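The structure under discussion appears below in the form of structure tokens.
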Amino acid sequence: MDPVLEAQGLAKHFGAKVALAEMSLALPAGEIFGLLGPNGAGKSTTINLFMGFLQPTRGWARVCGIDCSRDTRDAMRLVGHMPEEPSLFENLTGRETAAFALTMRGEDHPPRRRDVDLLAERLGFSAEMDQLVAGYSMGMRKKLALVLALAHDPRVLLLDEPTNGLDPVVAREVREILRERAARGVTVVLSTHLLDVAQRVCNRLGLIVRGQLRAVGTPDEVLARAGAASLEDAFLALTAAP
Amino acid sequence: MSEVGAQLRAVAAMSLRGAVNSLRRRQGAGAMVVFPVLVVFLLVELARFGSRATDGMRLSLSLSSPARGTHYAALWLSLLALGIAALKYARVVPGRGSRRLLDTAVFRALPVSPGTRVLVELALANTHAAGFVLLVWVPASWGLIRMHHGPAAALALTALSALVVNGAASLVAVALHEGASNRLRGRGLDVVRVLSASVGASVIGLFAALGPIGAGVSRNYRPGTGIPSWTHRLPLHGLVRAARGDVDVTAALTSVAWIVVPCALALLALRHRARHPADLSLDAPPAPVGDGRWPERLTPVRAEWRMLTRQAPYLPFAPLAFLAFFFALGKGARSATGSPLPSVVLFGLVGWSLLVMGTALSGAASRRWRRALWILPAHGVDHVAAIRAVTLVHVALTLPIALATFVVLLQPAQPPAVFFARQLVGLALAIAVGQWMQAATVFHHIDPAPDRLTGLSVGALFIVLASVLPAAALTVTLSAFPLTSWGPLLLVVAMMAWSIERAAVQRLRSVRDPDGDPDAARRTWPALRAFGFALLAQLAAMQSAETLFEAGTTRQVIAGLCAFVLVLVAASWRAWRRYAVAPRWSAARSVGAGVLAGALHFAWSSQYARWVVGASAEANPLAAAVRQGDGVQRAGFALLAVLVVPLAEELYFRAWLPNALATDLSPRWARYSAVPAAALFATVHGVATWPVAFAGALLASWLLARSGRVASCLAWHVTNNALVIAVALLGAR
Numbered sequence: 001m002d003p004v005l006e007a008q009g010l011a012k013h014f015g016a017k018v019a020l021a022e023m024s025l026a027l028p029a030g031e032i033f034g035l036l037g038p039n040g041a042g043k044s045t046t047i048n049l050f051m052g053f054l055q056p057t058r059g060w061a062r063v064c065g066i067d068c069s070r071d072t073r074d075a076m077r078l079v080g081h082m083p084e085e086p087s088l089f090e091n092l093t094g095r096e097t098a099a100f101a102l103t104m105r106g107e108d109h110p111p112r113r114r115d116v117d118l119l120a121e122r123l124g125f126s127a128e129m130d131q132l133v134a135g136y137s138m139g140m141r142k143k144l145a146l147v148l149a150l151a152h153d154p155r156v157l158l159l160d161e162p163t164n165g166l167d168p169v170v171a172r173e174v175r176e177i178l179r180e181r182a183a184r185g186v187t188v189v190l191s192t193h194l195l196d197v198a199q200r201v202c203n204r205l206g207l208i209v210r211g212q213l214r215a216v217g218t219p220d221e222v223l224a225r226a227g228a229a230s231l232e233d234a235f236l237a238l239t240a241a242p
Numbered sequence: 243m244s245e246v247g248a249q250l251r252a253v254a255a256m257s258l259r260g261a262v263n264s265l266r267r268r269q270g271a272g273a274m275v276v277f278p279v280l281v282v283f284l285l286v287e288l289a290r291f292g293s294r295a296t297d298g299m300r301l302s303l304s305l306s307s308p309a310r311g312t313h314y315a316a317l318w319l320s321l322l323a324l325g326i327a328a329l330k331y332a333r334v335v336p337g338r339g340s341r342r343l344l345d346t347a348v349f350r351a352l353p354v355s356p357g358t359r360v361l362v363e364l365a366l367a368n369t370h371a372a373g374f375v376l377l378v379w380v381p382a383s384w385g386l387i388r389m390h391h392g393p394a395a396a397l398a399l400t401a402l403s404a405l406v407v408n409g410a411a412s413l414v415a416v417a418l419h420e421g422a423s424n425r426l427r428g429r430g431l432d433v434v435r436v437l438s439a440s441v442g443a444s445v446i447g448l449f450a451a452l453g454p455i456g457a458g459v460s461r462n463y464r465p466g467t468g469i470p471s472w473t474h475r476l477p478l479h480g481l482v483r484a485a486r487g488d489v490d491v492t493a494a495l496t497s498v499a500w501i502v503v504p505c506a507l508a509l510l511a512l513r514h515r516a517r518h519p520a521d522l523s524l525d526a527p528p529a530p531v532g533d534g535r536w537p538e539r540l541t542p543v544r545a546e547w548r549m550l551t552r553q554a555p556y557l558p559f560a561p562l563a564f565l566a567f568f569f570a571l572g573k574g575a576r577s578a579t580g581s582p583l584p585s586v587v588l589f590g591l592v593g594w595s596l597l598v599m600g601t602a603l604s605g606a607a608s609r610r611w612r613r614a615l616w617i618l619p620a621h622g623v624d625h626v627a628a629i630r631a632v633t634l635v636h637v638a639l640t641l642p643i644a645l646a647t648f649v650v651l652l653q654p655a656q657p658p659a660v661f662f663a664r665q666l667v668g669l670a671l672a673i674a675v676g677q678w679m680q681a682a683t684v685f686h687h688i689d690p691a692p693d694r695l696t697g698l699s700v701g702a703l704f705i706v707l708a709s710v711l712p713a714a715a716l717t718v719t720l721s722a723f724p725l726t727s728w729g730p731l732l733l734v735v736a737m738m739a740w741s742i743e744r745a746a747v748q749r750l751r752s753v754r755d756p757d758g759d760p761d762a763a764r765r766t767w768p769a770l771r772a773f774g775f776a777l778l779a780q781l782a783a784m785q786s787a788e789t790l791f792e793a794g795t796t797r798q799v800i801a802g803l804c805a806f807v808l809v810l811v812a813a814s815w816r817a818w819r820r821y822a823v824a825p826r827w828s829a830a831r832s833v834g835a836g837v838l839a840g841a842l843h844f845a846w847s848s849q850y851a852r853w854v855v856g857a858s859a860e861a862n863p864l865a866a867a868v869r870q871g872d873g874v875q876r877a878g879f880a881l882l883a884v885l886v887v888p889l890a891e892e893l894y895f896r897a898w899l900p901n902a903l904a905t906d907l908s909p910r911w912a913r914y915s916a917v918p919a920a921a922l923f924a925t926v927h928g929v930a931t932w933p934v935a936f937a938g939a940l941l942a943s944w945l946l947a948r949s950g951r952v953a954s955c956l957a958w959h960v961t962n963n964a965l966v967i968a969v970a971l972l973g974a975r
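Protein chains in written order, with this note's numbering: chain Y, 1 to 242; chain S, 243 to 975.
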């Protein structure tokens, strides 16, 4: 089966700073892949390269065979993205923002609107959908960003710290939603600092340190490679290595 | 194309809805009515000003000579178009942390078509520097076109030329920026922005030196030699000829090519950029701006200065740019006319420079002030100190502009030293209170929640007005009025600034709750704001009446007073009841005391007018107005002056304002709140009789305090006005 998300020799430099060095990766349909790493390791840069926000210095990234930097728009149609700090239009309500996003994707029709309502309800967010974004807390912004990422039923989800700032009940619901989507064949890339989340949700993990992919595999494989009993010990061992 | 159309419609609908939501959120539902009316009023006044200015310019320079007019008009307009493009470029380049529509995470992650992206970018760029187009291009082209066309055709052609130039300049600026942002980041973009702003300002300086006043009557020009051949190559030469009815096909085509070719190239560049999106500059890690050492202790003023110069690094250069501009203008005026600029033009230009600077400061402020709001108090700096720090930094930036402008332009006139010193002091005070008002207004409008953007996009207009109008009005006033007249005016504006500051501070102290000041409605600012609206209503009514009736007639005065009273009564009617006290005197005793006091006041104010001012009692403005007009107008005016105006003023100046002031003043000073209210009352009633009006207002406040009944001070006011009117009518007979 062809990989849904693929990168080959993907690198990004900002002047002398190497944000990502030669990453190669292939993710099949239905996989939940966790990107782990310390602050500034290159997790968000990887996601931005897959979104086409950044132009790779070398290599390529593809979504369903579509080059992310050359055919960005076609790639974006297949992807749902949730940034770490969701910047939103402050003077629209959540519902207006969702309607706008669906219209821009050419998918503003009743079934999609029903999906949005259902998602908002599952995230405990229905009442706030008619409030202005300007009044949202960080958690509410995260919920709206997640609704926007999922609303058009994408084949790939790129999520940057999706459960940060969410209460435990909603965080659990988010994990459940991700599992459901993966079961329907959606490929999910999850950038996170929360090791327990990564261990519970992800099929495979990738550990990035200073722009380099140090380890890739199932949680058990990563533990075995680091010779550690817990993911936290593995994380510390692999990030400490020069 | 259908996809682009659908996306554009969605962006337009979303922008409109966002603007409406923002207006409603920040200013309340009433703003939906007030805001458009205010904008239309300002635009109409701007058009009237531009029309008069350019007509006067045209007449004074005798530019009706076709050769000379075409030559210089093409030169000026080409320069202006270049300046607009440069200024647009300076505004288009995003600074770090800028939050444009296209930079939000939601918009970036959507599959936006290249066409939509380009058109949205262009639509946004069209709004940048639009104020400059309105302030400079529109009056210049209007004056030019009016030489040969009627008002309707001139209006259409002016609008068309403004749209074309604004659109073309936006297109070129965006395309240049898109090219530059691939190669430049961080400080590099800042430097480009500074350079571009400098080029724009220099072009405006050139416009001044070579433009309407300087080159129009250049002594090097030899009349009768026709149009120099090189001017055929000027970008707008053919269009200027066409505008004055002298169509030359070759020249017109050349002119169109000057516009179309750069626009076509810019469109191609944008199309390429939109199809091959590269790195967005904001994603690159910012270059370090510190030097690794700990900074010196940051005082509020120092912190404010640092934040300002990092957000808008070009602002400290503004005084130099203005200095060059006015130096060139003064030189051009002298070479053209052999004499310095008239004082009205001089003060108008000072006001204009303050307007431009006020706009620039507001533009730079949208994010910076929110940070100042939180960073300074988080380090133990009081909100009052934060507002005063902002004020000081802005005064430091604005004052050199006004003073340098004043000195450069006035220097050849060699005015008396006393006049010079008086105007300089007046300017400094006017700017200080104007900036104080602006800073307080910003903090009053700011959204205290740390994770929200401010509503400054909507409040910006009010903030600019708050900053510029008092300062500009005062600078113009200072040129014509003696020292005694602008003292009270400054006092009033300072009182307004103080009241906004108090309201802002109280609101911010109850943080995290935008409506958290329980005394908000009882504070001074709502009272003064209502008074300001009443004055604006009076001004607007008198302006409208001037077009219907003759200026200075009783009808015009009646129209103005009616508008003033209506707004003031509407605002005061419920507000004063908040401060109701138990009556101490009987109604009859209150009215009797009021009548007696009114008669006494009439007697001493008449004597004051005779002895001190040197005029008869009939010189009172009320008396002067009632002596004009026919019987019906006199009766109407008398009714208004004797009953309606006293009711409105007593409800406001005695029952509402002093009590509102007492809410804001400390307990120690609250008992004296009638004093500033009386000062405002006296200022409104004219500078010549200020002392007697002040004393009378204090007497009326005392009556109200003793009796506990509004009827007492109302009787005082009615009696005085009735006596003034009666004496005036008897005198007229």
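Built from N, CA and C at the ideal position, the CB exists for glycine as well. This structure is a prediction, so every number in the text was calculated from the model and none was measured.
_Glu180 of chain Y - containing alpha helix (DSSP H), residue span_ = Taking the first sequence and counting its residues from 1, one reaches residue 180 of chain Y at position 180. Taken as a continuous stretch (DSSP letters only), the alpha helix (DSSP H) holding Glu180 of chain Y covers Pro168 to Ala183.
*Could you work out which residue in S:Ser786, S:Trp818 and S:Arg664 is closest to Ala805 of chain S when comparing CA atoms only?*
Numbered from 1 along the second sequence, position 563 holds the residue referred to as residue 805 of chain S. Cα-wise, what sits closest to Ala805 of chain S is S:Ser786.
_For chain Y, check one thing: does any of its Cβ atoms lie closer than 9 Å to the Cβ of Arg979 of chain S?_
Since the first and last residues shown for chain S are 243 and 975, residue 979 of chain S lies out of range.
*For Ala817 of chain S and chain Y, any beta-carbon pair shorter than 9 Å?*
Along the second sequence, read from residue 1 onward, the residue named residue 817 of chain S stands at position 575. It does not: the Cβ of Ala817 of chain S has no partner Cβ on chain Y nearer than 9 Å.
*Using a Cβ-Cβ cut-off of 9 Å, state whether Glu420 of chain S counts as contacting chain Y.*
Start at 1 with the first residue of the second sequence, and residue 420 of chain S comes out as number 178. Not closer than 9 Å to any Cβ of chain Y, the Cβ of Glu420 of chain S fails to qualify, so no.
*Is there contact here, the region 55-71 of chain Y with the region 221-232 of chain Y, by at least three beta-carbon pairs under 8 Å?*
no
*Does Phe125 of chain Y come within less than 9 Å of chain S when only Cβ atoms are used?*
Counting from one through the first sequence, the residue named residue 125 of chain Y turns up at place 125. Chain S, which has no Cβ nearer than 9 Å to the Cβ of Phe125 of chain Y, makes this no.
_Pairwise C-alpha distance: Gly385 of chain S and Ala560 of chain S_ = By one-based count along the second sequence, residue 560 of chain S stands at place 318. By one-based count along the second sequence, residue 385 of chain S stands at place 143. When rounded, the distance between both Cα atoms is 28 Å.
_Are the CB atoms of Ile47 of chain Y and Val189 of chain Y within a distance shorter than 9 Å?_
As a working mapping, residue 189 of chain Y is identified with position 189 in the first sequence. As a working mapping, residue 47 of chain Y is identified with position 47 in the first sequence. Yes, the pair counts as a contact, with Cβ atoms nearer than the cut-off.
*With 16 other CB atoms within 10 Å as the buried threshold, where does Val960 of chain S fall?*
The sequence position of residue 960 of chain S within the second sequence is 718, counting from 1. Result: buried.
*C-alpha distance - Gly80 of chain Y paired with Ala11 of chain Y, whole-angstrom precision*: Residue 80 of chain Y sits at position 80 when you count from the first residue of the first sequence. Residue 11 of chain Y sits at position 11 when you count from the first residue of the first sequence. Their backbone Cα atoms lie some 23 Å apart in a straight line.
_Exposed unless 16 or more other CB atoms sit within 10 angstroms - verdict on Met104 of chain Y_ = As a first step, residue 104 of chain Y is located in the first sequence; it is residue number 104 there, counting from the start. The residue in question, Met104 of chain Y, is buried, as its Cβ has 16 or more Cβ neighbours within 10 Å.
*Validate contact between the region 14-34 of chain Y and the region 182-200 of chain Y using beta carbons, cut 8 Å, 3 pairs*: yes
*Are Thr239 of chain Y and Gly37 of chain Y close, meaning C-beta to C-beta below 9 Å?*
Position 239 of the first sequence, counting from 1, holds the residue named residue 239 of chain Y. Position 37 of the first sequence, counting from 1, holds the residue named residue 37 of chain Y. Yes.
*Can you give me the start and stop residues for the alpha helix (DSSP H) that Gln199 of chain Y sits inside?*
Position 199 of the first sequence holds residue 199 of chain Y. Looking at the DSSP string, the run of the alpha helix (DSSP H) that includes Gln199 of chain Y is Leu195 to Val201.
*Around the Cβ of Thr218 of chain Y, are there at least 16 other Cβ atoms within 10 angstroms (buried) or fewer (exposed)?*
Along the first sequence, one-based indexing puts residue 218 of chain Y at 218. Exposed, since its Cβ has fewer than 16 Cβ neighbours within 10 Å.
*Kindly list, in the order they appear in chain Y, the residues whose Cβ is closer than 8 Å to that of Glu363 of chain S.*
One-based indexing of the second sequence puts residue 363 of chain S at position 121. The contacting residues do not exist; Glu363 of chain S stays about 15 Å from chain Y at best.
*C-beta atoms of Val216 of chain Y and Gly206 of chain Y nearer than 9 Å*: To locate residue 216 of chain Y, count along the first sequence from 1; it is residue 216. To locate residue 206 of chain Y, count along the first sequence from 1; it is residue 206. Taking 9 Å as the Cβ cut-off, Val216 of chain Y and Gly206 of chain Y qualify as a contacting pair.
*Backbone secondary structure at His391 of chain S - three-state DSSP*: Position 149 of the second sequence, counting from 1, holds the residue named residue 391 of chain S. It is coil, neither helix nor strand.
*Buried or exposed: which applies to Asp220 of chain Y, given that a residue is buried once 16 or more other Cβ atoms fall within 10 Å of its Cβ?*
Translated into positions along the first sequence, residue 220 of chain Y becomes position 220. Asp220 of chain Y is exposed by the Cβ-count criterion.
_Beta-carbon proximity of His686 of chain S to Trp815 of chain S, cut-off 9 Å_ = As a first step, residue 686 of chain S is located in the second sequence; it is residue number 444 there, counting from the start. As a first step, residue 815 of chain S is located in the second sequence; it is residue number 573 there, counting from the start. For His686 of chain S and Trp815 of chain S, no; Cβs fall outside 9 Å.
_From the DSSP secondary-structure annotation, give me the bridge partner or partners of Phe283 of chain S._
Numbered from its first residue, the second sequence carries residue 283 of chain S at position 41. Looking at the DSSP assignment, Phe283 of chain S forms no beta bridge with any residue, so it has no partner.
_Interface residues of chain S facing Gly106 of chain Y [CB-CB closer than 8 Å]_ = By one-based count along the first sequence, residue 106 of chain Y stands at place 106. Neighbours of Gly106 of chain Y on chain S, chain order: Glu245 and Ala248.
_Inter-residue CB distance, Gly40 of chain Y and Ser24 of chain Y (contact presumed, cutoff 8 Å)_ = Your numbering for residue 40 of chain Y matches position 40 in the first sequence. Your numbering for residue 24 of chain Y matches position 24 in the first sequence. Incorrect: roughly 21 Å between the Cβ atoms, too far for contact.
*Establish whether the CB of Met23 of chain Y and some CB of chain S are separated by less than 9 Å.*
The count along the first sequence starts at 1 and reaches residue 23 of chain Y at position 23. So, not an interface residue.
*With DSSP as the reference, label Gln250 of chain Y as helix, strand or coil.*
The requested residue 250 of chain Y does not occur in the structure, where chain Y is confined to residues 1 to 242.
*Proximity winner among S:Val807, S:Ala968 and S:Val626, relative to Gly774 of chain S (alpha-carbon distances)*: The residue labelled residue 774 of chain S in the question sits at position 532 within the second sequence. It is S:Val807 whose Cα lies nearest to the Cα of Gly774 of chain S.
_Could you check whether the region 501-515 of chain S touches the region 409-416 of chain S, counting it as contact only if at least three pairs of C-beta atoms, one from each stretch, sit closer than 8 Å?_
Three or more beta-carbon pairs separated by less than 8 Å link the region 501-515 of chain S to the region 409-416 of chain S, which places the two stretches in contact.
_Quick check: Ala769 of chain S and Tyr894 of chain S, are their CB atoms within less than 9 Å of each other?_
On the second sequence, position 527 is the one that residue 769 of chain S refers to. On the second sequence, position 652 is the one that residue 894 of chain S refers to. Going by C-beta atoms, Ala769 of chain S is nearer than 9 Å to Tyr894 of chain S.
*Is Ile74 of chain Y close to chain S, meaning its C-beta is less than 9 Å from at least one C-beta of that chain?*
Here the question's residue 74 of chain Y lines up with position 74 in the first sequence. In the sequence on display, residue 74 of chain Y carries Asp and not Ile. For Asp74 of chain Y, the answer is yes, since a Cβ of chain S falls inside 9 Å of its Cβ.
*Under 7 Å between beta-carbons, which chain Y residues line up against Gly199 of chain S? List them in chain order, please.*
With chain S covering only 243 through 975, there is no way to say anything about residue 199 of chain S.
_Can you tell me whether Phe125 of chain Y is helix, strand or coil according to DSSP?_
Translated into the one-based positions of the first sequence, residue 125 of chain Y becomes position 125. Annotated three-state conformation of Phe125 of chain Y is coil, per DSSP.
*asked:* To test your reading of the DSSP string, which unbroken alpha helix (DSSP H) runs of 4 or more residues are found completely within the region 355-382 of chain S?
replied: 356-369
*Cα-Cα separation, Met549 of chain S to Gln680 of chain S*: Working through the second sequence from its first residue, we reach residue 549 of chain S at position 307. Working through the second sequence from its first residue, we reach residue 680 of chain S at position 438. If you take the alpha carbons of Met549 of chain S and Gln680 of chain S, they lie about 17 Å apart.
*State yes or no: is the beta carbon of Arg461 of chain S nearer than 9 Å to at least one beta carbon in chain Y?*
Position 219 of the second sequence, counting from 1, holds the residue named residue 461 of chain S. Note that Arg461 of chain S scores a pLDDT of 42, beneath 50, so its modelled location is shaky and nothing firm can be said.
_On the CB-based measure, 16 or more other CB atoms within 10 Å of its CB, does His479 of chain S come out buried or exposed?_
Mapped onto the second sequence, residue 479 of chain S falls at position 237. By the neighbour-count definition (other C-beta atoms within 10 Å, threshold 16), His479 of chain S is a buried residue.
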